[in-house]
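A.B. asks: Heads up: the protein sequence lines correspond to chains F and H, in order.
The first sequence begins at 1 in this note's numbering and counts up one residue at a time.
The second sequence begins at 257 in this note's numbering and counts up one residue at a time.
Quick one: structure below, then a few questions.
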Amino acid sequence: MNLSNEYIPAVKDLIFRMADDELILGHRNSEWTGLGPILEEDIAFSSMAQDKLGHAQALYQVLTGMGESDPDTLAFGREEKQMKCCHLVEYPIGEYDFSLMRHFLFDEADAIRFDMLVNSSFEELANVTRKFRGELKYHTMHAKAWVIQLGNGNDESRIRMQNTLNECFPLALGIFEPSGFENQLIESGVFKGEAVLQERWISEISHILKLANLSLPDIDSVRPSYGGRKGIHTEYLKPLLDEMTEVYRIDPKAEW
Amino acid sequence: MYCENNDDVIYMKTIKILELISEKEIWEVLFEVKDPEIPLISVVDMGIITEVKIDQEEIVRIKMTPTFAGCPAVKYMQDDIKEKVMKLPVKGVEVEVSYATQWNTNMISERGREMLKASKFALPQKHDGLVQIEMLTNVECPFCESKNTSLKSSFGPTQCRAIHYCNNCLQSFEQFKPV
């Protein structure tokens, strides 16, 4: 491992945030299986769910290599307050417009994050993000196509997309909640930090939203939904964890 | 109970391993391990085996890299590899999943592409790193070879497939999608 000891807590924190986001959003996306508004969307959300769980597993595996427990224990064996996911991924799937907008905002950030990490000084993290990047391309293409199409659809679709954007935006800003380790991540060359990521994200989504005829709320007028990265979560996470970990809590060694 | 001299047995076995087993033979066995979702194509032709080594303790160490991070067939293929290689006179087999080499569809061999074609998949286009959306349009139909086709969904029944429709022979078909 090519990482000096002083940076290990910072890097673990970063990977936990990323992995927990992937796990929880993957779980949420899978809730569309059998319920999609059209068959193709049912399949798309299910397939993306599978990708996200794969990303979570690979990231937990990197943590295992850094001395943490095995991926299953990390995914299913932690308390709510130990989870570091952002609030955006915790919300129930809601109506399709909400899930689509969340998918768009989250995956645009994820794609830029992975682009920033492919040259990370921490090789294990660089390797997995190089892998994820190719897969994520399909997620962002999917989200972009639908956001542009529905934003330019009829009055109902445009209004619904704008309303859901207004609702999602403060939640999405929570993705970039600073960790307290930002300086160490930057200094070690592992990651350029959440502030840089947020800036690139704003520029990228502004461009796409313009094509979709939707307006991004004024960033200074909204309060970002922070807390998730510090283990303070919305009311929606606990019930999800209870359901997701039910089998594991009954029998941690169960195989199926 | 009659018992052979144990040392001799171990000695004979070692000679046998040194004489018989080479990395080439391991690769040959790996050609027999198929992708469970496309049983014509082997894990070698799929391009997911990135390293085969026999170490000094005669343990076979194999590295494989997943096609997709969340591919549910990884564990199955890992077990299948172990089972088949263990039939050779070796002391042990380890199959490590590693992302040190990241798989992409360019790594599928020419023979692998033939097998995909024989399984009626449209082939993934070769690319220089990242896939562009244009690559997903006008994909050649594996049934009639027409390029008058449309992408229906870039997500399919498994993570590695996209769904297209042929406007010429009026059939849906699957593409092994480029990543």
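Note that CB positions come from ideal geometry on N, CA and C, so glycine has one too.
Mind checking the segment 350-368 of chain H against chain F and listing, in chain order, the residues whose C-beta falls within less than 7 angstroms of any C-beta there?
C.D. replies: Against chain F - using a Cβ distance shorter than 7 angstroms - the residues of the segment 350-368 of chain H are Y355, A356, Q358 and N360.
A.B. asks: Using 7 angstroms as the cut-off, classify the Cβ of T323(H) as near or not near the heavy atoms of the ligand MG, replying yes or no.
C.D. replies: Only the bare structure without any ligand can be found here, which leaves the ligand MG out of the picture.
A.B. asks: Looking at chain F, is there any beta carbon in it that lies within less than 8 angstroms of the beta carbon of G326(H)?
C.D. replies: The sequence position of residue 326(H) within the second sequence is 70, counting from 1. Chain F, which has a Cβ nearer than 8 angstroms to the Cβ of G326(H), makes this yes.
A.B. asks: What is the DSSP secondary structure of T306(H), reduced to helix, strand or coil?
C.D. replies: Taking the first residue of the second sequence as 1, we reach residue 306(H) at position 50. Strand at T306(H).
A.B. asks: Between the alpha carbons of F106(F) and G348(H), how many angstroms are there, rounded?
C.D. replies: Translated into positions along the first sequence, residue 106(F) becomes position 106. Translated into positions along the second sequence, residue 348(H) becomes position 92. Straight-line Cα distance between these residues: approximately 44 angstroms.
A.B. asks: For Q438(H), which residues in chain F fall below 7 angstroms Cβ to Cβ?
C.D. replies: With chain H running from 257 to 435 in the structure shown, residue 438(H) is simply not present.
A.B. asks: By DSSP's criteria, E430(H) is part of a beta bridge. Which residues make up the other side?
C.D. replies: Locating residue 430(H) in the second sequence gives position 174, counting from the first residue. Paired residue(s): F377(H) and I419(H).
A.B. asks: Does V435(H) have its Cβ less than 8 angstroms from a Cβ in chain F?
C.D. replies: Residue numbering aside, residue 435(H) sits at position 179 when the second sequence is read from its first letter. Chain F contact via Cβ: present.
A.B. asks: Along chain H, in chain order, which residues have C-beta atoms closer than 8 angstroms to that of H55(F)?
C.D. replies: Along the first sequence, one-based indexing puts residue 55(F) at 55. Those are A325 and G326, listed as they occur along chain H.
A.B. asks: Mind checking if H420(H) is an interface residue toward chain F, Cβ cutoff 8 angstroms exclusive?
C.D. replies: Counting from 1 along the second sequence, the entry for residue 420(H) is found at position 164. No, no contact with chain F.
A.B. asks: Just to confirm the assignment, what range does the alpha helix (DSSP H) spanning G151(F) have?
C.D. replies: The residue given as residue 151(F) occupies position 151 in the first sequence. Per DSSP, G151(F) belongs to the alpha helix (DSSP H) from E123 to G151.
A.B. asks: Spell out the partners DSSP gives D291(H) in its beta bridges.
C.D. replies: By one-based count along the second sequence, residue 291(H) stands at place 35. In the DSSP output, where bridge partners are listed per residue, D291(H) has I294(H).
A.B. asks: Which same chain residues end up closer than 7 angstroms to M363(H) when comparing Cβ atoms and leaving out the 5 residues on each side of it in sequence?
C.D. replies: Mapped onto the second sequence, residue 363(H) falls at position 107. Correct list, in chain order: G303.
A.B. asks: If you count every other CB in all the chains shown that lies within 10 Å of the CB of H87(F), and 16 or more means buried, which is it?
C.D. replies: Counting from one through the first sequence, the residue named residue 87(F) turns up at place 87. H87(F) comes out buried.
A.B. asks: Between S409(H) and chain F, is there a C-beta pair that is closer than 8 angstroms?
C.D. replies: In the second sequence, residue 409(H) corresponds to position 153, counting from 1. Yes, S409(H) counts as interfacial toward chain F.
A.B. asks: Using the C-alpha atoms, what's the distance from K81(F) back to D218(F)?
C.D. replies: On the first sequence, residue 218(F) is found 218 positions in, with the first residue counted as 1. On the first sequence, residue 81(F) is found 81 positions in, with the first residue counted as 1. Using only the alpha carbons, I get a separation of about 31 angstroms.
A.B. asks: State the DSSP-derived secondary structure class of L407(H), mapped to helix, strand or coil.
C.D. replies: Residue mapping note: residue 407(H) aligns to position 151 of the second sequence, counting from 1. DSSP places L407(H) in strand when its eight states are reduced to three.
A.B. asks: Assuming V395(H) and K340(H) are in contact, meaning their beta carbons sit under 8 angstroms apart, how far apart are those beta carbons, in whole angstroms?
C.D. replies: The residue you call residue 395(H) lines up with position 139 of the second sequence. The residue you call residue 340(H) lines up with position 84 of the second sequence. Contact flag wrong, Cβ pair sits at about 34 angstroms.
A.B. asks: Is the segment 173-182 of chain F in contact with the segment 11-29 of chain F, if contact means three or more CB pairs nearer than 8 angstroms?
C.D. replies: yes
A.B. asks: Any idea what DSSP makes of K347(H), helix, strand or coil?
C.D. replies: Taking the second sequence and counting its residues from 1, one reaches residue 347(H) at position 91. In this structure, K347(H) counts as coil in the three-state DSSP scheme.
A.B. asks: How many Å lie between L3(F) and I310(H) at the Cα?
C.D. replies: Here residue 3(F) corresponds to residue number 3 of the first sequence, with the count starting at 1. Here residue 310(H) corresponds to residue number 54 of the second sequence, with the count starting at 1. Distance between the alpha carbons of L3(F) and I310(H) is about 29 angstroms.
A.B. asks: If you follow the beta strand (DSSP E) that R78(F) is part of, which residue opens it and which one closes it?
C.D. replies: Taking the first sequence and counting its residues from 1, the one referred to as residue 78(F) is at position 78. Neither: R78(F) is in no beta strand (DSSP E) and is coded neither H nor E.
A.B. asks: For a contact defined as C-beta to C-beta under 8 angstroms, what are the partners of R160(F) on chain H?
C.D. replies: Along the first sequence, read from residue 1 onward, the residue named residue 160(F) stands at position 160. For a Cβ distance threshold of 8 angstroms, nothing in chain H lies close to R160(F): the least Cβ distance comes to about 22 angstroms.
A.B. asks: Please confirm whether V387(H) has its beta-carbon closer than 8 angstroms to some beta-carbon of chain F.
C.D. replies: Here the question's residue 387(H) lines up with position 131 in the second sequence. V387(H) counts as touching chain F.
A.B. asks: Just the chain F side, please: which residues come within less than 7 angstroms of G348(H) by C-beta, in chain order?
C.D. replies: Counting from one through the second sequence, the residue named residue 348(H) turns up at place 92. Under the 7 angstroms cutoff, chain F gives no residues; its nearest Cβ is about 21 angstroms from G348(H).
A.B. asks: Alpha carbon to alpha carbon, what distance is there between K433(H) and A111(F)?
C.D. replies: To locate residue 111(F), count along the first sequence from 1; it is residue 111. To locate residue 433(H), count along the second sequence from 1; it is residue 177. C-alpha separation (whole angstroms): 19 angstroms.
A.B. asks: For a test of the three-state rule: what should DSSP assign to M320(H), helix, strand or coil?
C.D. replies: By 1-based counting over the second sequence, the position of residue 320(H) is 64. In the structure shown, M320(H) sits in a strand (DSSP, three-state: E or B).
A.B. asks: Cβ of E310(F) less than 8 angstroms from any chain H Cβ?
C.D. replies: Outside the displayed span of chain F (1 to 256) sits residue 310(F), for which this structure offers no information.
A.B. asks: Which residue wins for smallest C-alpha separation from S354(H), given the options Q334(H), P345(H), C400(H) and M371(H)?
C.D. replies: Residue numbering aside, residue 354(H) sits at position 98 when the second sequence is read from its first letter. For S354(H), the nearest C-alpha among the options comes from Q334(H).
A.B. asks: Can you pull the chain F neighbours of G412(H), defined as C-beta to C-beta under 9 angstroms?
C.D. replies: In the second sequence, counting from the first residue as 1, residue 412(H) sits at position 156. Near G412(H) (Cβ distances below 9 angstroms), the residues of chain F are I43 and S47.
A.B. asks: In chain H, what lies closer than 7 angstroms to M141(F) by C-beta?
C.D. replies: As a position in the first sequence, residue 141(F) is number 141, starting the count at 1. Near M141(F) (Cβ distances below 7 angstroms), the residues of chain H are I389 and S410.
A.B. asks: Note the first and the last residue of the continuous alpha helix (DSSP H) segment covering C168(F).
C.D. replies: On the first sequence, position 168 is the one that residue 168(F) refers to. Here the alpha helix (DSSP H) through C168(F) covers D155 to L173.
A.B. asks: Can you check whether the CB of K338(H) is closer than 8 angstroms to the CB of V330(H)?
C.D. replies: Numbered from its first residue, the second sequence carries residue 330(H) at position 74. Numbered from its first residue, the second sequence carries residue 338(H) at position 82. Not in contact: V330(H) and K338(H) (Cβ atoms no closer than 8 angstroms).
A.B. asks: Are the C-beta atoms of G40(F) and some chain H residue less than 8 angstroms apart?
C.D. replies: Taking the first sequence and counting its residues from 1, the one referred to as residue 40(F) is at position 40. According to the sequence provided, residue 40(F) is Glu. The question's Gly does not apply to it. Yes - at least one Cβ of chain H is within 8 angstroms of the one on E40(F).
A.B. asks: Would you say L165(F) and S157(F) are within 8 angstroms of each other, going by their C-beta atoms?
C.D. replies: As a first step, residue 165(F) must be located in the first sequence, where it is residue number 165. As a first step, residue 157(F) must be located in the first sequence, where it is residue number 157. Result no, Cβ atoms of L165(F) and S157(F) do not sit closer than 8 angstroms.
A.B. asks: Given that V128(F) touches chain H, what residues does it touch there, using C-beta distances under 9 angstroms?
C.D. replies: For the purposes of this step, residue 128(F) is taken as the residue at position 128 of the first sequence. Ordered by position in chain H, the residues that pass the 9 angstroms Cβ test against V128(F) are A325, Y355 and Q358.
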